[in-house]
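Written out below as structure tokens is the structure these notes cover.
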Amino acid sequence: MASSNDPFSASIIPFEVPEQVRAFAEKGVSQARDNYARFKDVAESNNSTMEAVFSNASRGFSEYSAKMMEILKANTSSSLDFAQELVGVKTPSEALELWTTHAKKQFETFSAWSKELTELSQKVASETVEPIKANANKLFKPAA
Numbered sequence: 114m115a116s117s118n119d120p121f122s123a124s125i126i127p128f129e130v131p132e133q134v135r136a137f138a139e140k141g142v143s144q145a146r147d148n149y150a151r152f153k154d155v156a157e158s159n160n161s162t163m164e165a166v167f168s169n170a171s172r173g174f175s176e177y178s179a180k181m182m183e184i185l186k187a188n189t190s191s192s193l194d195f196a197q198e199l200v201g202v203k204t205p206s207e208a209l210e211l212w213t214t215h216a217k218k219q220f221e222t223f224s225a226w227s228k229e230l231t232e233l234s235q236k237v238a239s240e241t242v243e244p245i246k247a248n249a250n251k252l253f254k255p256a257a
């Protein structure tokens, strides 16, 4: 017999529903529940993926900012040292030599910093995208 929760019971629908229609409707409801469950799993997985992405990006931005502050501090210190040395020169040729040495040192330092920042940027980008790649690999398994 039909239960009191049965949407096809005679108390809700005043006529008899053919068995084929009942089976079709029940199959549709079952498929809808299954699809909803899959959708919910994917949505939850994507939420955790986005949390990991933002966490990695935030951590990477903090590392990058710390490196920039380190560079700024070193550059300021170097410039102040140069200015102090420049005040103590006696001849124009000594000033030119000091300036040339300082410029060469700054160029080498900036090149090294540029390389460090590039590597750090690549690391941050890679770590930030990693959760997306991992989630995509789970969802879209490669064909064998």
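Residues 114 to 257 in this note's numbering are what the sequence shown spells out, letter by letter.
Glycine included, every Cβ here is placed at the ideal spot set by N, Cα and C.
This structure is a prediction, so every number in the text was calculated from the model and none was measured.
Please confirm whether residue i and residue j have their CB atoms less than 8 Å apart.
i: leucine 211; j: valine 202; result: yes
i: alanine 179; j: threonine 241; result: no
i: serine 55; j: glutamine 219; result: The shown model of the chain, from 114 to 257, leaves out residue 55, and the question about it has no answer.
i: asparagine 248; j: serine 158; result: yes
In the DSSP assignment, find the alpha helix (DSSP H) that holds residue i and state where it starts and stops.
i: threonine 162; result: 132-200
Alpha carbon to alpha carbon, how far is residue i from residue j?
i: aspartate 222; j: alanine 208; result: In the sequence on display, residue 222 carries threonine and not aspartate. In a straight line, the C-alpha of threonine 222 is about 21 Å away from that of alanine 208.
i: lysine 153; j: asparagine 160; result: 10 Å
i: arginine 172; j: proline 205; result: 49 Å
i: alanine 156; j: valine 166; result: 15 Å
i: phenylalanine 88; j: glutamine 144; result: The structure shown does not extend to residue 88, since the chain is modelled only from 114 through 257, so no value can be given for it.
i: alanine 187; j: glutamate 198; result: 16 Å
i: proline 244; j: glutamate 164; result: 9 Å
i: threonine 162; j: lysine 246; result: 9 Å
i: arginine 146; j: leucine 230; result: 50 Å
i: valine 142; j: tyrosine 149; result: 10 Å
For residue i, which residues in the same chain have their Cβ closer than 7 Å to its Cβ, ignoring the five residues on either side in sequence?
i: histidine 82; result: The displayed coordinates of the chain run from 114 to 257. Any statement about residue 82 would go beyond what the structure contains.
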